[in-house]
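To start, the structure under review is shown below, and the notes come after it.
There are 4 protein chains.
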Amino acid sequence: MFTYKRRVNFYDTDLMGVVHHANYIRYFEEARVEYLRAAGWDLTELMDEGIVFPIVEVEAKYKESARYDEIILIHTFMRKVDRVKLEIEYEAVSEKTGRVLATGRTVNTFTDTKTGRIVRLPKDKVAGLMEFTKGDRNG
Amino acid sequence: MFTYKRRVNFYDTDLMGVVHHANYIRYFEEARVEYLRAAGWDLTELMDEGIVFPIVEVEAKYKESARYDEIILIHTFMRKVDRVKLEIEYEAVSEKTGRVLATGRTVNTFTDTKTGRIVRLPKDKVAGLMEFTKGDRNG
Amino acid sequence: MFTYKRRVNFYDTDLMGVVHHANYIRYFEEARVEYLRAAGWDLTELMDEGIVFPIVEVEAKYKESARYDEIILIHTFMRKVDRVKLEIEYEAVSEKTGRVLATGRTVNTFTDTKTGRIVRLPKDKVAGLMEFTKGDRNG
Amino acid sequence: MFTYKRRVNFYDTDLMGVVHHANYIRYFEEARVEYLRAAGWDLTELMDEGIVFPIVEVEAKYKESARYDEIILIHTFMRKVDRVKLEIEYEAVSEKTGRVLATGRTVNTFTDTKTGRIVRLPKDKVAGLMEFTKGDRNG
Chain A
18 MFTYKRRVNF
28 YDTDLMGVVH
38 HANYIRYFEE
48 ARVEYLRAAG
58 WDLTELMDEG
68 IVFPIVEVEA
78 KYKESARYDE
88 IILIHTFMRK
98 VDRVKLEIEY
108 EAVSEKTGRV
118 LATGRTVNTF
128 TDTKTGRIVR
138 LPKDKVAGLM
148 EFTKGDRNG
Chain B
18 MFTYKRRVNF
28 YDTDLMGVVH
38 HANYIRYFEE
48 ARVEYLRAAG
58 WDLTELMDEG
68 IVFPIVEVEA
78 KYKESARYDE
88 IILIHTFMRK
98 VDRVKLEIEY
108 EAVSEKTGRV
118 LATGRTVNTF
128 TDTKTGRIVR
138 LPKDKVAGLM
148 EFTKGDRNG
Chain C
18 MFTYKRRVNF
28 YDTDLMGVVH
38 HANYIRYFEE
48 ARVEYLRAAG
58 WDLTELMDEG
68 IVFPIVEVEA
78 KYKESARYDE
88 IILIHTFMRK
98 VDRVKLEIEY
108 EAVSEKTGRV
118 LATGRTVNTF
128 TDTKTGRIVR
138 LPKDKVAGLM
148 EFTKGDRNG
Chain D
18 MFTYKRRVNF
28 YDTDLMGVVH
38 HANYIRYFEE
48 ARVEYLRAAG
58 WDLTELMDEG
68 IVFPIVEVEA
78 KYKESARYDE
88 IILIHTFMRK
98 VDRVKLEIEY
108 EAVSEKTGRV
118 LATGRTVNTF
128 TDTKTGRIVR
138 LPKDKVAGLM
148 EFTKGDRNG
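Chains as they are written, first to last, in the working numbering: chain A, 18 to 156; chain B, 18 to 156; chain C, 18 to 156; chain D, 18 to 156.
Dropping the structure here:
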């Protein structure tokens with residue numbers, strides 16, 4: 018489990034005075050990138066090798082509203098890691114109240130930039146990530 | 018079924034050269050608003066009466082990429098309409114190729130601005146929408 | 018002069034209940050693209066030829082607020098057109114009240130995708146645009 | 018002078034592979050909020066007192082492109098501070114290369130939430146900010 022922390026920007030809010038729901042999808046992206054970085058994955062390096070990782074599924078459930086300037090903790094769990102995809106779950110929690118704001122899930126596949134086809138990453142590349150995140154498969 | 022048409026803006030794309038996945042959640046919002054408008058629902062009027070309609074669930078599956086300047090048709094279906102919520106499905110299709118780009122689903126509840134609690138809309142308010150969208154429950 | 022019309026989306030607003038100021042910069046982009054399209058310029062074709070047109074200057078002055086669902090007219094003027102750049106002015110007006118919401122100005126240069134250097138477009142390419150927009154230089 | 022540091026998100030980029038120009042306006046907002054926080058200004062408190070601070074002018078000049086995952090330093094200067102407005106300048110610099118990416122300037126006025134009119138902040142409120150930022154008026 019990895020926790021990503023970020024503040025709600027003014028421009029993230031909508032006229033209801035709370036974070037617009039679509040922005041959580043962006044927050045999840047930030048959390049995912051930072052988790053992968055913590056695991057030693059540099060996504061720009063992968064892109065230089067011709068591999069991208071488009072999202073193929075996303076979902077979110079919204080429980081409570083987050084307001085401008087609030088600090089959100091995004092607990093992030095790599096539920097499935099294999100050579101062709103990652104399945105990740107997210108729990109966004111208000112730092113102040115400890116209450117769950119939203120939960121989410123994404124699936125992304127490793128894809129060849131040129132062909133647009135799914136690729137299998139080398140075993141050793143994936144092994145490190147599996148080891149680093151193994152606690153996340155018992156949640 | 019209602020079809021909402023929109024063009025991909027330059028600023029909707031990301032470095033992969035395609036629409037960033039989070040933007041479909043915004044496109045779905047646009048389609049939802051226009052469908053409700055076509056059915057005679059003016060959301061600003063509802064807000065003036067103290068009713069908002071926050072999204073409580075969203076999901077999307079991505080099939081193919083959309084590029085800058087492409088025209089996207091978003092076929093929109095009201096799968097469930099009752100006094101407390103709307104469940105809506107979306108199918109985003111490339112106008113040029115006819116291929117499905119993404120599918121999605123949202124649930125929103127009617128909520129009292131002051132209390133933050135779910136409210137039941139008046140029967141007659143909902144009756145019109147149910148009638149207008151009844152073809153969408155046989156899909 | 019070209020007028021681009023668009024509605025304010027829910028997600029364009031912020032907690033003040035009005036369009037967030039940064040979104041006008043995106044609206045100006047939409048207006049610019051549609052004006053160029055009307056003049057026969059297909060930007061994706063230019064990109065295929067290795068030419069992009071990054072913004073090098075942008076400015077906006079905000080007069081009045083625009084609200085959710087309002088229709089905005091963006092009057093767009095090509096103040097300078099030459100082989101290396103475009104200078105464009107914008108006036109965003111509320112369709113309902115006729116009042117000016119914001120004014121703006123952008124400068125963009127034609128740039129070679131590979132070298133990143135400014136390029137001079139062919140004379141005949143620019144001639145058509147100059148002719149089409151000549152009324153805008155007397156404003 | 019206050020320096021705000023942030024990383025370029027994936028979703029901040031466009032099909033040119035760089036930060037979309039409109040996103041700098043958002044980065045400037047983040048920098049402004051953090052500078053004011055460092056000076057002891059809590060904007061949510063001001064809003065609770067019925068005061069908002071809409072942007073009335075914004076401008077940016079773009080020098081070089083910033084790429085995904087790059088760290089940007091935004092040097093922020095309060096050029097004018099008085100009881101009705103703030104004028105702030107920004108210089109966005111690549112942490113890695115030290116080169117200037119963009120410069121900018123915003124003006125915002127203090128405004129009464131109810132009347133929409135400009136208000137004069139109490140002298141002592143402004144005095145603290147003037148003192149804290151006085152070095153920025155000699156740049």
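We put the CB at the ideal spot given by N, CA and C, even for glycine.
- At a cut-off of 8 Å, the C-beta of A77 (chain A) has a neighbouring C-beta in chain B.
- Secondary structure note for G121 (chain A): its beta strand (DSSP E) is the uninterrupted segment V117 to T126.
- Within chain A, no residue has its beta carbon less than 8 Å from that of G115 (chain C); the closest one is some 23 Å off.
- Across the stretch 33-46 of chain A, CB contacts with chain C closer than 7 Å involve G34, H37 and A39, in sequence order along the chain.
- In this structure, the straight-line span from the alpha carbon of T114 (chain B) to that of H92 (chain B) is close to 15 Å.
- In the pairwise beta carbon analysis, the stretch 37-53 of chain C is classified as touching the stretch 38-47 of chain D: at least three pairs are separated by under 8 Å.
- Against V69 (chain D), the close residues of chain C are M33, in the order they occur along the chain (beta-carbon pairs closer than 8 Å).
- Per the DSSP secondary-structure output, I88 (chain B) pairs in a beta bridge with B:R24.
- If you compare the alpha carbons of A:T130, A:R154, A:E81 and A:I68 with that of A109 (chain A), the shortest gap goes to A:E81.
- Taking the C-beta atoms as reference points, K78 (chain D) is found no nearer than 8 Å to T128 (chain D).
- At least one CB of chain A lies nearer than 8 Å to the CB of E74 (chain B).
- Counting along the chain, the unbroken alpha helix (DSSP H) around K140 (chain D) starts and ends at K140 to F149.
- Between the beta-carbon of V143 (chain C) and that of R100 (chain C) there is about 5 Å, and that keeps the pair under the 8 Å contact cut.
- Under DSSP, E46 (chain B) shares a beta bridge with no residue.
- Bounds of any alpha helix (DSSP H) do not take in E76 (chain B); it lies within the beta strand (DSSP E) bounded by I72 to Y79.
- Within the model, the alpha-carbon separation for D86 (chain A) versus T150 (chain C) is close to 45 Å.
- One alpha carbon belongs to T30 (chain A), the other to R23 (chain A), and they sit about 14 Å apart.
- In the displayed model, A109 (chain C) falls within a strand according to three-state DSSP.
- Listed along the chain, the chain A residues whose CB falls inside 7 Å of the CB of T128 (chain C) amount to none; the nearest CB is some 22 Å away.
- Residue environment analysis places E148 (chain A) among the exposed positions, since fewer than 16 neighbouring C-beta atoms fall within 10 angstroms of its C-beta.
- Nearest C-alpha to E76 (chain B) among B:L32, B:N155 and B:N125: B:N125.
- In the DSSP assignment, E62 (chain B) falls within the alpha helix (DSSP H) that extends over L60 to D65.
- V50 (chain A) sits close to F27 (chain D), with the two beta carbons spaced by under 8 Å.
- Using a Cβ-Cβ cut-off of 8 Å, Y28 (chain C) counts as an interface residue toward chain A, since at least one Cβ of chain A sits closer than that to its own.
- Each of C:L118, C:E74 and C:A55 was checked against the Cα of I89 (chain C), and the nearest Cα belongs to C:L118.
- In terms of beta-carbon proximity, Y107 (chain D) stays away from the interface with chain B, with every pair separated by 8 Å or more.
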